[in-house]
Amino acid sequence: DGMNSLMLNTDGVQIPQLGFGVWQISADETERAVTTALQAGYRHIDTAAAYGNEESVGRAVRASGLPRSKVFVTTKLGNGDHTRAEEAFDESLARLGLDHVDLFLIHWPVPQQGKYVQAWKAFEKIYRDGRARAIGTSNFTVGTLTRLMDQTDIIPSINQIELHPYLQQREMRAFHEANGILTEAWSPLGQGKGLLDDPALRVLSDKYGKTPAQVVLRWHLQLGNVVIPKSVTPSRIAENIDVFDFILDAEDMVAIGAMNRGHRIGPDPDTFG
Ligand code: NAD
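Under UniProt numbering, the first residue of the sequence shown carries the number 2, and numbering increases by one thereafter.
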């Protein structure tokens with residue numbers, strides 16, 4: 002199916018580099034969208050307790066007929082659950098109808114609440130018990146990741162952050178690389194609007210005969226990011242995984258690199274939650 006996998010710092014665990022994100026897909030629509038994605042060849046689904054659609058994700062995965070070991074499922078701990086992470090994890094597993102997840106993430110650090118170290122200690126137990134094959138963070142900064150690593154035993158396998166050509170996160174990517182942490186890009190298409198109409202991407206779209214979305218996803222893959230584009234439109238779901246048959250030249254990687262504006266679409270992780 003042309004998919005590529007990356008090795009996590011967790012012994013032997015691999016993550017399909019391109020997955021399917023289900024934020025803002027209603028519980029009703031999610032089962033259909035995930036089924037479409039699995040049929041199109043996706044083998045990695047990104048959900049969260051906060052998305053309210055774990056049940057639908059679980060139903061689609063279980064009904065797919067694919068062996069459980071062939072689908073990588075990520076969910077995330079809600080911001081109000083840092084002091085009851087184990088119970089919240091069990092509730093997520095029950096909603097998913099699965100006996101383990103492949104990756105469990107702290108959704109946001111919520112630094113003003115100050116409980117993410119406590120949450121991570123529960124994550125370490127969940128990992129050691131084999132109920133999450135890997136554990137990681139989302140929306141952590143150099144500051145919050147450094148504190149986490151100073152006060153706990155297991156280095157996160159991945160940090161999922163907002164990342165797209167308008168917010169390239171060079172400092173975070175370098176920090177992750179120096180610590181053996183994979184970078185996972187959320188809103189990898191910049192949520193579609195604006196970015197995908199940028200004239201610089203139009204030029205590359207014409208050059209490669211691929212859509213602007215495909216060019217952006219290819220850029221992520223060549224940087225080494227894990228990406229989780231979201232769509233409910235079957236043609237776009239198929240389009241977004243059809244990115245393994247071309248390679249952006251070095252000069253075009255540089256051209257996309259020049260699009261960085263340092264602009265967030267989503268909230269600031271130092272204050273959100
Ligand atoms: P995205 O960058 O994946 O953009 C999705 C939107 O882009 C779609 O709704 C659609 O409008 C458009 N689009 C998709 N494919 C297209 C195509 N081929 N051509 C043209 N337009 C297209 O944005 P997202 O949903 O915010 O992010 C993806 C996933 O990242 C989420 O579903 C979720 O799983 C994850 N996420 C995580 C966090 C976090 O805090 N950890 C935050 C936001 C998103």
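The beta-carbon is built from N, C-alpha and C at its ideal position, and this holds for glycine as well.
Here the structure is a predicted model, which means the values were calculated and not measured.
- Cβ atoms of H264 and L183 stay farther apart than 8 Å, at about 24 Å.
- Between A61 and I242, the CB-CB gap reaches or exceeds 7 Å.
- The beta-carbon separation of K77 and A49, rounded to 4 Å, stays under the 8 Å limit for a contact.
- In the three-state DSSP reduction, M8 falls in the strand class (E or B).
- Boundaries of the alpha helix (DSSP H) around F176: R171 to N180.
- An exposed status is given to G144, since fewer than 16 other beta-carbon atoms sit within 10 Å of its beta-carbon.
- Under the Cβ criterion (8 Å, minimum of three pairs), the segment 122-133 counts as touching the segment 82-101.
- If you look at W187, you'll find it in the beta strand (DSSP E) that goes L183 to W187.
- Under the three-state reduction of DSSP output, Q119 falls in the helix class.
- Within the model, the alpha-carbon separation for P17 versus V227 is close to 8 Å.
- Short of 6 Å from the beta carbon of L39, and not among the five residues preceding or following it, lie these beta carbons of its own chain, in chain order: S65.
- Taking the CA atoms as reference points, R148 sits about 42 Å from R203.
- Measuring C-alpha to C-alpha distances from I248 to each of S236, P235, T234 and H221 identifies H221 as the nearest.
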